[in-house]
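What follows is one structure encoded as structure tokens, with my remarks underneath.
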Amino acid sequence: MGTVFSLDVRGGAPAAVRAAVDEAVAWLHRVDEVFSTYREDSQVSRLARGELTVGECDPEVAEVLELAAEAERVSGGWFSPRYRGRLDPTGIVKGWAAERAALRLAAAGATGVSVNGGGDVQLLGAPEADRPWRVGVSDPLRPGGLAAVVSAAGAAELAVATSGTAERGDHIVDPRTGRSAVTDLVAVTVVAPRLTWADCWATAAFAMGSRDGLRWLESLPDVEGLLITAGDEVRCTGGLAARLG
Numbered sequence: 019m020g021t022v023f024s025l026d027v028r029g030g031a032p033a034a035v036r037a038a039v040d041e042a043v044a045w046l047h048r049v050d051e052v053f054s055t056y057r058e059d060s061q062v063s064r065l066a067r068g069e070l071t072v073g074e075c076d077p078e079v080a081e082v083l084e085l086a087a088e089a090e091r092v093s094g095g096w097f098s099p100r101y102r103g104r105l106d107p108t109g110i111v112k113g114w115a116a117e118r119a120a121l122r123l124a125a126a127g128a129t130g131v132s133v134n135g136g137g138d139v140q141l142l143g144a145p146e147a148d149r150p151w152r153v154g155v156s157d158p159l160r161p162g163g164l165a166a167v168v169s170a171a172g173a174a175e176l177a178v179a180t181s182g183t184a185e186r187g188d189h190i191v192d193p194r195t196g197r198s199a200v201t202d203l204v205a206v207t208v209v210a211p212r213l214t215w216a217d218c219w220a221t222a223a224f225a226m227g228s229r230d231g232l233r234w235l236e237s238l239p240d241v242e243g244l245l246i247t248a249g250d251e252v253r254c255t256g257g258l259a260a261r262l263g
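Residue numbers (my numbering): 19 to 263.
Put into structure tokens, the structure is as follows:
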């Protein structure tokens, strides 16, 4: 998936958790093999070329495409599983993969799980009984600095995802034009229970721009957002303050 994954796993029976970590890592590699648009032999690449049908792919391909279609519907088309007219579910795969890996680890008995896929994080449980997971949100305008710190206190599951131009430049496309999104934003961070959706919503809100993106995020249940403009203006959804600390 062109990025680094890290896993922080706490509690549970050591042997069972170690086995689950090995299985989660192997599964993430398998996801990359199936969904990578950089591999000519991946199922998604072959599907895009018409060499395979969805039914001939692994079942996870149909699952991801159905989730991507739902994200496209909820976002009014601002999220798309296509890139410049070609099938490309990259915008949902990384968050989905990290979320599923975290759930596998929790199912093995881990009491605290953090899976970080390229800066997008799925949190389950807690690292210690009296200490919640905390996630630093990078400041896109001040390298090395933090724009905020998100706390998972009181939440059994929480995800934090960021879309923007700081790391990869102008890579987010406006689905209406097929060209790079023209927006006043440099970063959007979304906080939600599950990373699959947090990742999609951050991408969609970024493409919308600060005014429409903030209004749309406010309309989504159990979703909070932090939007930073190129002019260093910070805009937040009404409930975000409760998640900072």
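Backbone N, C-alpha and C fix where the C-beta goes; we use that ideal spot for every residue, glycine too.
I need the boundaries of the beta strand (DSSP E) containing residue i, first residue and last residue.
i: VAL347; result: With the chain represented from 19 up to 263, any question about residue 347 goes unanswered, as that position is not in the structure.
i: ASP138; result: 138-143
i: GLY243; result: 242-247
i: CYS8; result: Limits of the chain in this structure are 19 at one end and 263 at the other, which puts residue 8 out of reach.
i: ASP148; result: Here ASP148 belongs to no beta strand (DSSP E), and DSSP marks it neither H nor E.
i: GLU51; result: Taken as a continuous stretch (DSSP letters only), GLU51 belongs to no beta strand (DSSP E), being part of the alpha helix (DSSP H) at 32-53.
i: LEU25; result: 23-28
i: SER169; result: 164-169
i: GLU175; result: 175-182
Quick one: measure Cβ to Cβ for residue i and residue j, integer angstroms, because I've assumed they're closer than 8 Å.
i: ALA37; j: ARG122; result: Actually they are not in contact, since the Cβ atoms of ALA37 and ARG122 sit about 11 Å apart, beyond 8 Å.
i: GLY182; j: VAL206; result: 6 Å
i: LEU245; j: LEU203; result: 6 Å
i: VAL27; j: VAL153; result: Not confirmed; about 16 Å, so no contact.
i: GLU236; j: THR221; result: 17 Å between Cβ atoms; not a contact.
i: LEU65; j: VAL133; result: So it is not a contact: roughly 26 Å between Cβ atoms.
i: PRO150; j: ALA171; result: 4 Å
i: ALA225; j: TRP234; result: 11 Å between Cβ atoms; not a contact.
Can you name, in chain order, every residue of its own chain whose Cβ lies under 8 Å from the Cβ of residue i, other than the five neighbours on each side?
i: GLY73; result: ALA80
i: VAL111; result: MET19, VAL49, PHE53 and VAL82
i: ALA124; result: VAL131, LEU142 and GLY143
Just reading off the alpha helix (DSSP H) that residue i is part of, what are its end residues?
i: GLY113; result: 108-125
i: GLU88; result: 77-92
Grouping DSSP H, G and I as helix and E and B as strand, with all else coil, what is residue i?
i: PHE97; result: coil
i: THR214; result: helix
i: LEU235; result: helix
i: GLU69; result: coil
i: ARG104; result: strand
i: ASP59; result: coil
i: THR201; result: coil
i: LEU159; result: coil
Excluding the five sequence neighbours on either side, which residues of its own chain have a C-beta within less than 7 Å of the C-beta of residue i, listed in chain order?
i: GLN61; result: VAL52, LEU70, CYS75, ASP76 and VAL79
i: LEU46; result: PHE23, ALA115 and ALA119
i: GLY162; result: none
i: ARG253; result: SER228, LEU232 and LEU245
i: LEU85; result: ILE110, TRP114 and THR214
i: SER63; result: THR55 and ARG57
Using a Cβ-based criterion (distance less than 8 Å to any ligand heavy atom), does residue i qualify as near the ligand FAD?
i: GLU175; result: Annotation note on the ligand FAD: not contained in the displayed structure, which lists no ligands.
Quick one: residues in its chain with C-beta nearer than 6 Å to the C-beta of residue i, no 5 flanking neighbours on either side, listed in chain order?
i: ALA31; result: GLY127
i: ARG104; result: ALA66
i: GLU88; result: none
i: PRO99; result: ALA86 and PRO107
Inter-stretch contact at 8 Å, needing at least 3 Cβ pairs: the stretch 129-146 / the stretch 168-178: yes
Inter-stretch contact (C-beta, 8 Å, three-pair minimum) for the stretch 210-224 and the stretch 239-254: yes
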